[in-house]
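Asks: According to this note's numbering, the residues represented by the sequence shown are 552 to 836, in order.
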Amino acid sequence: MNYLPTGTVQTMTVLRKIDTGYVLGKNSTEALLHHNETEKELDIEQEVDVFLYQDKKGQTVATTILPTIRLDVFDWAEVVEVIPNLGAFVDIGIAKEILVSKDDLPLFEDVWPKTGDMLYVSLGRDRKERLLAIPATEGIFKREWEFAPENTLNAQVSGRVYLTSKEGTAIITEEGYRGFIHHTERKTEPRLGEWVKGRVIEVKDDGTVNISLRPLKQYSMTEDAEIIVNFLVENGGVIPFSDKSDPDDIRGTFNISKAAFKRALGKLMKDGKIEQRAGKTFLIE
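#1: Within 10 Å of its beta-carbon, does LEU617 have 16 or more other beta-carbons around it, so buried, or fewer, so exposed?
#2: Applying the 10 Å Cβ sphere with the 16-neighbour rule, what's the burial state of ASP668?
#3: Let me check one thing: in DSSP terms, what residues is LYS577 bridge-paired to?
#4: Rounded to the nearest angstrom, what separates MET552 and THR580 at their Cα positions?
#5: Taking GLU826 as part of the beta strand (DSSP E), name the residues at either end of that continuous run.
#6: How about SER796 and ARG802: are their beta carbons less than 8 angstroms apart?
#7: Measure the beta-carbon distance from GLU596 to VAL565 and round it to whole angstroms, keeping in mind my assumption that it falls under 8 angstroms.
#8: Taking contact to mean 3 or more Cβ pairs, one atom from each stretch, closer than 8 angstroms, check whether the stretch 739-757 and the stretch 781-800 are in contact.
#9: Short check: CB of GLU774 to CB of ASN761, under 8 angstroms?
#10: Please tell me whether VAL599 and LEU593 are closer than 8 angstroms, where the distance is taken between their beta carbons.
#11: So does the stretch 720-728 actually touch the stretch 702-710, counting three or more Cβ pairs closer than 8 angstroms?
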């Protein structure tokens with residue numbers, strides 16, 4: 552008996568009709584095509600193009616719905632379910648949702664995709680011939696991204712996260728540009744597959760861009776000042792921080808840089824809301 556691999560499109564022949572649909576054949580191999588997997592009536596000996604996959608019982612079945620995502624063919628797929636310690640399931644357009652294994656997701660689950668996020672995937676198979684969705688690597692995107700012109704500097708851009716790391720986050724923008732968000736240019740780490748909006752802060756010679764998710768300094772300063780005031784209120788009106796504090800301690804507590812912290816303190820002192828004494832900051836009632 553010849554082998555017909557799942558995850559592929561095959562031209563098969565209708566061998567016979569049964570109550571639940573049609574039995575298709577090719578090279579002595581058969582596959583079931585359920586009635587709900589085709590939109591039209593088929594005739595005996597008619598040839599039909601179908602996509603093959605395993606159903607929940609582990610049987611190879613066919614569908615006339617031909618997904619754009621196939622073996623070694625990438626496209627975007629929506630995340631429809633996330634299961635801790637297992638992975639995320641995506642919709643590729645067929646009746647069965649396909650698993651993205653936890654082994655192909657970030658190490659930390661707090662940056663795993665959520666329902667509604669989109670992943671750029673192709674198909675693969677495990678040892679039992681079950682289909683898996685495999686996220687694209689940096690190398691795949693490098694073949695596809697567009698060269699960003701110099702006038703992209705300071706432009707507002709939106710894009711989808713395709714890579715997360717300790718150093719930063721990589722996205723592909725609506726225009727097809729490769730964007731990098733350094734960890735200092737974000738307040739929280741975006742999820743894999745999340746849609747984000749930011750501002751281009753550098754256009755590099757290779758046509759990629761650096762992006763900031765932080766607001767411009769004048770807006771960021773007000774926002775950071777509010778964070779400091781709220782922290783003061785929650786801690787009895789005094790905090791063991793000043794403009795001389797260690798940068799790592801500041802970032803670990805407020806999730807902002809020391810420069811941003813000093814700008815916010817300066818604004819609050821100018822507004823008469825705080826004062827500094829003996830390495831501490833006090834809220835002025």
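Beta carbons are placed, not taken as given, at the ideal position from N, Cα and C, and that holds for glycine.
These numbers were taken from a predicted model, which means no experiment stands behind them.
Replies: Put simply:
#1: Flag for LEU617 reads exposed.
#2: That one is buried.
#3: The beta-bridge partner set that DSSP reports for LYS577 consists of THR580.
#4: Low local confidence applies: a pLDDT of 44 at MET552 is under 50, so the model's placement there is unreliable, and no value is given.
#5: Counting along the chain, the beta strand (DSSP E) containing GLU826 begins and ends at 825-828.
#6: With contacts defined by Cβ atoms closer than 8 angstroms, SER796 and ARG802 do not form a contacting pair.
#7: Contact between GLU596 and VAL565 holds: CB atoms are separated by about 6 angstroms, below the 8 angstroms threshold.
#8: The stretch 739-757 vs the stretch 781-800: no contact.
#9: No, Cβ-Cβ distance for GLU774 and ASN761 is not below 8 angstroms.
#10: Cβ atoms of VAL599 and LEU593: closer than 8 angstroms.
#11: A contact exists between the stretch 720-728 and the stretch 702-710.
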